[in-house]
């Protein structure tokens, strides 16, 4: 505690403008007939994702004492709404990710997540860019869309989708050169993540929104996998950047319950390899998918980052009333 | 020594890297939404003074370095080593070699207190106070009445340091000097 640490990190002017921007987001979806929903912050299932640490707590519930998880995203609950025919839905949700804090990260943050049943990924990318344009006043017509592999070839001279010993060696060397990393035994994905974060990201979205498409299949998460023009397996997934900041991540959603269960198992196998605790799969989500979720594209957008960029602020803490250090 | 994980890396923490003690200067957290989290860390190598930029996977750890900053009074130079004494009343003395003293040899004056950095009980660097009062032992004769005009001249101080001083300064005067910039501040 310093004498001033009770004070908010954002100015009152920022908080007033933040409220206006949140209203603009709600207006954007109201005008497009997308239903605002609220789902629980707590859930019985955590996330199996390798690079997400969910927080959990012990609660007394109607079922007795139980371990409940704080959501890392509202995805599972929202998909259960899609499975009963909700149609297009959006949510401004509080989400929690243990250990994440920095200039662009806060342990607790506001995520704008929405789903478009029956839409193509290309249509959703355009809608994300339209929303970003409306909130920040920054748009780019036509929207730039760059395949992941093309960015690596352009900035680093290596194709990360070629699964060869040579390309892995090249990626490790580049990670050491650009990041000062002891990367001799790193996986392909770890090297790609480092190079994307340190070398490519800062160049993306300069001048207006820019999308990255066709992620490596190994980074598919909950996206469908497909084959790109060069015949490599890629994820039907995109990210949107503005001013070098990652704003949104979207999928052509996986709707096949068996494939979803296999992905959960895959995640848990990798978690075990890395000495992490496996996380029980969300049986309610799997049951909803088995019941039948309509084909849909969905996206999660960091609302605090969007507000930070819209207001020309330099760090997340300036866009939040109280960040985790001050809470 | 304890080891520290990336989330504990704070400015001023002393850790071992590639066999050398380092001081953490900056720690920045970066993470792609769906990928591995990293810490971009700037560290000053306390042996060489060089700043390193390293990226660690979040959760990795480094061993702490047994580094202490102690106040010590400068005693004398024996032709090879500089000798300092702890100010805690123990009268314990440390001999510091040329490598550790480095460029700061020119600010060493008897009875002044310096910060001596010890690693595993060996002195690895010496930092002078930000301001120090030193006598001018050699400079061109002062110009009378020239207190307002600009212009400067070199002056050699009692410790061997050479600084630019105003033209009115005379040999034998004691000056206050900023050791960080090597600049004249005022008459002491």
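Protein chains in written order, with full-length UniProt numbering: chain A, 1 to 327; chain B, 1 to 188. Glycine is no exception: its CB is placed at the ideal position from the N, C-alpha and C atoms.
State yes or no: is the beta carbon of residue i nearer than 8 angstroms to at least one beta carbon in chain B?
i	result
residue 161/A	no
residue 155/A	no
residue 149/A	no
residue 103/A	yes
residue 122/A	no
residue 196/A	yes
residue 226/A	no
residue 179/A	yes
residue 323/A	no
residue 275/A	no
residue 190/A	yes
residue 193/A	yes
residue 23/A	no
residue 206/A	no
Could you pull out every residue in the same chain whose Cβ sits closer than 8 angstroms to the Cβ of residue i, ignoring the five residues on either side in sequence?
i	result
residue 90/A	29, 34, 35, 36, 37, 112, 113, 114 and 115
residue 324/A	101, 106, 107 and 108
residue 322/A	8 and 9
residue 187/B	169, 173, 174, 175 and 176
Can you find the residues in the same chain that come closer than 7 angstroms, C-beta to C-beta, to residue i, ignoring five residues on each side of it along the sequence?
i	result
residue 267/A	48, 49 and 50
residue 292/A	83
residue 23/B	12, 14, 43, 44 and 46
Would residue i pass as an interface residue toward chain A - the criterion being a Cβ-Cβ separation below 8 angstroms?
i	result
residue 57/B	yes
residue 107/B	no
residue 7/B	yes
residue 53/B	yes
residue 20/B	no
residue 140/B	no
residue 178/B	no
Classify residue i as buried or exposed, calling it buried when 16 or more other Cβ atoms lie within 10 Å of its own Cβ.
i	result
residue 101/B	buried
residue 258/A	exposed
residue 359/A	Past the edges of chain A, shown from 1 to 327, lies residue 359/A, and the structure says nothing about it.
residue 192/B	Because chain B is modelled from 1 through 188, residue 192/B falls outside the range shown and cannot be assessed.
residue 215/A	buried
residue 30/B	buried
residue 79/B	exposed
Within a Cβ cutoff of 6 angstroms, which residues of the same chain sit near residue i, ignoring the five residues on either side of it in sequence?
i	result
residue 270/A	50
residue 281/A	264
residue 170/A	158
residue 249/A	239 and 300
Contact set between the segment 30 to 48 of chain B and chain A, restricted to residues whose Cβ is under 8 angstroms from the partner = Correct list: 30, 31, 32, 33, 34, 35, 36, 37, 38 and 40.
task = Scan the UniProt domain "Elongation factor P C-terminal" (132 to 187) of chain B and note each continuous alpha helix (DSSP H) run of 4 residues or more that stays entirely inside, going in chain order.
result = Here no run is fully enclosed.
request  = Kindly provide the ranges of any alpha helix (DSSP H) runs that are 4 or more residues long and lie completely inside the segment 58 to 119 of chain A, ordered along the chain.
outcome  = Look at the segment 58 to 119 of chain A and you find these whole runs of alpha helix (DSSP H), each 4 residues long or longer: 75 to 83.
inquiry  = Going residue by residue through the segment 208 to 267 of chain A, where are the continuous beta strand (DSSP E) segments of at least 3 residues, counting only ones entirely within it?
reply    = For the segment 208 to 267 of chain A, the continuous beta strand (DSSP E) assignments of 3+ residues that do not extend past its boundaries occur at 210 to 216, 225 to 227, 233 to 242 and 245 to 252, in sequence order.
ask   = Got a sec: which bits of the segment 228 to 262 of chain A sit with their beta carbon under 9 angstroms from any beta carbon on chain B, in order along the chain?
value = Listed by position along the chain: 237, 239, 246, 248 and 249.
request  = Pick out the complete alpha helix (DSSP H) segments inside the segment 164 to 188 of chain A, 4 residues or longer, and give them in chain order.
outcome  = For the alpha helix (DSSP H) assignment, the uninterrupted runs of no fewer than 4 residues enclosed by the segment 164 to 188 of chain A are, from N- to C-terminal side, 165 to 179.
ask   = When Cβ atoms are compared, which residues of the segment 294 to 315 of chain A fall closer than 9 angstroms to chain B?
value = Taken in chain order, the members of the segment 294 to 315 of chain A whose beta-carbon sits within less than 9 angstroms of a beta-carbon on chain B are 300 and 302.
task = Mind listing, in chain order, the continuous beta strand (DSSP E) runs of no fewer than 3 residues lying wholly within the segment 277 to 303 of chain A?
result = Runs found: 296 to 302.
ask   = Mind listing which residues of the segment 31 to 62 of chain A have their C-beta closer than 7 angstroms to chain B's C-betas, in chain order?
value = Of all residues in the segment 31 to 62 of chain A, those with a C-beta nearer than 7 angstroms to a C-beta of chain B are 51, reading in chain order.
message = Give the list of continuous beta strand (DSSP E) stretches no shorter than 3 residues that lie fully inside the segment 88 to 123 of chain B.
response = Every unbroken stretch of the beta strand (DSSP E) spanning 3 or more residues and falling wholly within the segment 88 to 123 of chain B is given here in chain order: 93 to 96 and 113 to 119.
message = Can you pull out the residues from the segment 90 to 101 of chain A whose beta carbon lies closer than 8 angstroms to at least one beta carbon of chain B?
response = Residues of the segment 90 to 101 of chain A whose Cβ lies closer than 8 angstroms to any Cβ of chain B, in chain order: 99, 100 and 101.
message = Taking beta-carbon pairs under 7 angstroms, can you tell me which members of the segment 70 to 103 of chain B lie near chain A?
response = Those residues of the segment 70 to 103 of chain B that come within reach of chain A (Cβ to Cβ, closer than 7 angstroms) do not exist; the list is empty.
query = Relative to chain A, which residues along the segment 118 to 130 of chain B have a C-beta separation below 8 angstroms, given in chain order?
reply = Answer set for the segment 118 to 130 of chain B: empty.
query = What are the uninterrupted segments assigned as alpha helix (DSSP H) that are 4 or more residues long and contained completely in the segment 113 to 164 of chain A, given in chain order?
reply = Given a length threshold of 4 residues, each whole run of the alpha helix (DSSP H) inside the segment 113 to 164 of chain A is given here in chain order: 121 to 136 and 148 to 156.
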